[in-house]
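Single-structure report; data block below.
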Amino acid sequence: MTEPGLTSSGIYPWLNDHWAFFLQRLERDRLAHAMLIQGPAGTGKTALARLMTARLLCREPHDFACGQCRSCKLLAGAAHPDYFDLQPEEDSEVIKVDQVRVMTGKLDLTTSISERKVAYIHPAETMNAAAANALLKSLEEPVGNTVLILVSDNPGGLPVTIRSRCQAITINQPDPGIVQDWLVKTSAQPAGRVREALQAAGGSPLRAARYLASPELDAFSRVRAGLSSLLGRPAAVSQLSSELNALNQVELWRWLSICTGEVIKSILLGLPLNWLPADAGLRGVALLELQRQADKNRQLVATSVRGDLLLQVWLINWAEQVP
Ligand SMILES: [Zn+2]
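Numbered by the working numbering, the letters in the sequence shown go through residues 1 to 323 in order.
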């Protein structure tokens, strides 16, 4: 799937209200000097930040940036002198204080093309303490015509002093109906497959779109089929375990958590799941523990721990659910 563009065709349907809010503020000259776009991964925060940036810099804007003026063309070519993109450098996981200083130095200069300067800071929570402190100064003493747009999946990782000085724009997991319609239209795939992609993505629309455009979704189906066939058959663990070990481990543990969560929900609601036998006899308490363990293991596999052992233990516990 391609990234959305700078103009109206680029907005995801679940962001329409956020856009209307931004536009209303802008037109009434009530836009905050700094905004924090926050919400789960894969909900379009980056796209919204880009659309806002383009609209703020455009020299002939309507509801959206025009896409044609000098500003829009420079921005599309990553050469806009009034735009600053602040993110961790290639060899680093954090935004450093020197980077913030260079940015604030440039923001202090007068604009050369547009009426404003825009800084896009992402992922904002990767600023280290010194960088956040340096940014705080420009939040406390804003320069008239600059707008800072911070984006974060994990706003809790930002100092309260930063958060409290930004206008929060929160994107929640969008309504599944809206996302489902959008995915069917943009991917041209059957509704059943789109639904499965959305389940595999835990409701995240852009992750679901990625699954629909790749073989990953078939891997998710195999995980579910494997879990179903394993119930009451602990002897089959090693075979399934070696099959699943070939998958991306972070993704695998996310899926195991999602699948376990679906089973818990189906027990609570008394509704069957299409990928498990109706009489599977799973127990909610044990499942809650399995889900907790899957979430924990997703963090652990990023370290040097033996992922294959974690997986075997988890699968044995799953298989032994059925007495
Ligand atoms: Zn323009």
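Note that CB positions come from ideal geometry on N, CA and C, so glycine has one too.
Given the structure is predicted, the values throughout are model-derived calculations rather than measurements.
Proximity below 7 Å, CB of residue i to CB of residue j
i      : j      : result
Pro234 : Glu320 : yes
Ile162 : Ala131 : no
Gly77  : Ile171 : no
Thr260 : Leu287 : yes
Ser257 : Ala302 : no
Leu244 : Val263 : no
Leu276 : Ser221 : no
His122 : Gln68  : no
Ser114 : Ser164 : no
Gln167 : Ala278 : no
Leu26  : Gly44  : no
Trp255 : Val223 : yes
Ala201 : Leu212 : no
Ile169 : His18  : yes
Ala41  : Asp175 : no
Ile178 : Pro13  : yes
Run of the beta strand (DSSP E) containing residue i, from where it starts to where it stops
i      : result
Val147 : Thr146 to Ser152
Tyr12  : Counting along the chain, Tyr12 falls outside any beta strand (DSSP E), and DSSP gives it neither H nor E.
Ala119 : Lys117 to Ile121
Asp85  : Tyr83 to Leu86
Gln38  : Ala34 to Gln38
Residue i versus the options, residue with shortest Cα-Cα distance
i      : options                           : result
Gly10  : Ala65, Pro61 and Leu23            : Ala65
Gly270 : Asp175, Ala191, Ile258 and Gly284 : Gly284
Gly203 : Leu136, Gln180 and Asp218         : Gln180
Ala280 : Leu252, Ala20, Leu247 and Trp318  : Trp318
Leu36  : Leu244, Val160, Ser242 and Val151 : Val151
Thr104 : Lys265, Asn145, Gly156 and Glu93  : Asn145
Val184 : Val160, Ala209 and Ala201         : Ala209
Lys137 : Asp108, Gly232 and Ser112         : Asp108
Arg59  : His80, Thr43, Ala47 and Val100    : His80
Val147 : Asp218, Ala54 and Gly156          : Ala54
Ala134 : Gln99, Asn154 and Ser164          : Gln99
Leu273 : Gly156, Ala225, His62 and Leu74   : Ala225
Thr46  : Glu27, Gln173, Tyr120 and Asp29   : Tyr120
Pro159 : Phe84, Pro174 and Glu125          : Glu125
Phe21  : Pro155, Thr43, Gln173 and Leu48   : Leu48
Val237 : Gln199, Asp85, Asp175 and Leu311  : Leu311
Asn248 : Arg298, Lys265 and Arg207         : Arg298
Glu140 : Asp63, Gly192, Tyr83 and Ala34    : Ala34
Lys117 : Glu196, Pro142, Ala41 and Pro155  : Pro142
Thr111 : Arg207, Leu56, Ala246 and Arg101  : Leu56
Val305 : Ala129, Val250 and Ser266         : Val250
Leu230 : Ala219, Leu300, Ile316 and Leu206 : Ile316
Lys106 : Asp91, Glu93 and Asp85            : Asp85
Tyr83  : Asp91, Glu89, Ser92 and Met52     : Met52
Trp253 : Ala219, Leu268 and Gly232         : Ala219
Lys265 : Ala246, Ser242 and Gln291         : Gln291
Ser92  : Val102, Met127 and Arg101         : Met127
Gln199 : Gly157, Glu216 and Val97          : Glu216
Val97  : Glu90, Leu74, Lys73 and Ala129    : Ala129
Continuous alpha helix (DSSP H) stretch holding residue i: start and end
i      : result
Ala286 : Gly284 to Leu300
Lys45  : Lys45 to Leu57
Asp218 : Glu216 to Leu230
Leu247 : Taken as a continuous stretch (DSSP letters only), Leu247 belongs to no alpha helix (DSSP H), as it is neither H nor E.
Ser71  : Arg70 to Ala76
Asp108 : Val97 to Asp108
Glu320 : Where Glu320 is concerned, there is no enclosing alpha helix (DSSP H), given that its DSSP letter is neither H nor E.
Glu196 : Ala191 to Ala200
Arg207 : Pro205 to Leu212
Residues surrounding ligand 1 [beta-carbon distance to nearest heavy atom under 5 Å]: Cys58, Ala65, Cys66, Cys69 and Cys72
Where are the beta strand (DSSP E) runs, 3 residues long or more, that stay fully inside the region 125-188, in chain order? Counting only runs that start and end inside the region 125-188, the beta strand (DSSP E) elements of at least 3 residues fall at 146-152 and 167-170.
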